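Residue numbers (our numbering): 2 to 84. Heads up, the beta-carbon is just placed ideally off N, CA and C, and yes, glycines get one too. All values reported here derive from a predicted model rather than from experimental measurement. One structure is given below, encoded as structure tokens.
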Amino acid sequence: MNPEIFGHIGGAIIAFALLPQVIKSWKTKSVKDISLIWNSLMLIGLITFLIYGIGINSLPIIIFGSIEICLTASLLILKLLYK
2 MNPEIFGHIG
12 GAIIAFALLP
22 QVIKSWKTKS
32 VKDISLIWNS
42 LMLIGLITFL
52 IYGIGINSLP
62 IIIFGSIEIC
72 LTASLLILKL
82 LYK
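Below you can see the structure in the form of structure tokens.
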């Protein structure tokens with residue numbers, strides 16, 4: 002079995018785990034319990050991890066890291082808008 006399939010499965014689970022929080026924050030316009038520092042550090046970490054994924058040409062990291070960056074950036078924007 003190709004180990005890269007586990008990268009795709011795990012990447013999808015991790016990337017889409019943030020989706021319910023983004024949807025809830027958008028619907029309720031409430032982000033008071035989300036830390037701005039955590040969200041900012043998470044985004045920086047994801048961007049550096051994506052750069053690493055591009056450097057080693059890892060498709061699971063590139064695909065799902067990009068999705069995670071979009072979701073985390075969305076949550077950060079909501080945090081700044083609904084402060």
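{"Check": "Please identify the residue among Leu77, Ile52, Leu47 whose C-alpha is closest to the C-alpha of Ala16.", "Outcome": "Leu47"}
{"Check": "Using alpha carbons as the reference points, say which of Pro61, Leu44, Met43 lies closest to Gly12.", "Outcome": "Pro61"}
{"Check": "Taking contact to mean 3 or more Cβ pairs, one atom from each stretch, closer than 8 Å, check whether the stretch 73–82 and the stretch 20–33 are in contact.", "Outcome": "yes"}
{"Check": "Can you grab the Cα-Cα spacing for the pair Leu82 / Asn3, in whole Å?", "Outcome": "43 Å"}
{"Check": "Between Gly67 and Glu5, what straight-line distance do the alpha-carbon atoms span, to the nearest angstrom?", "Outcome": "Per the sequence shown, residue 67 should be read as Ser rather than Gly. Each residue's alpha carbon lies about 17 Å from the other."}
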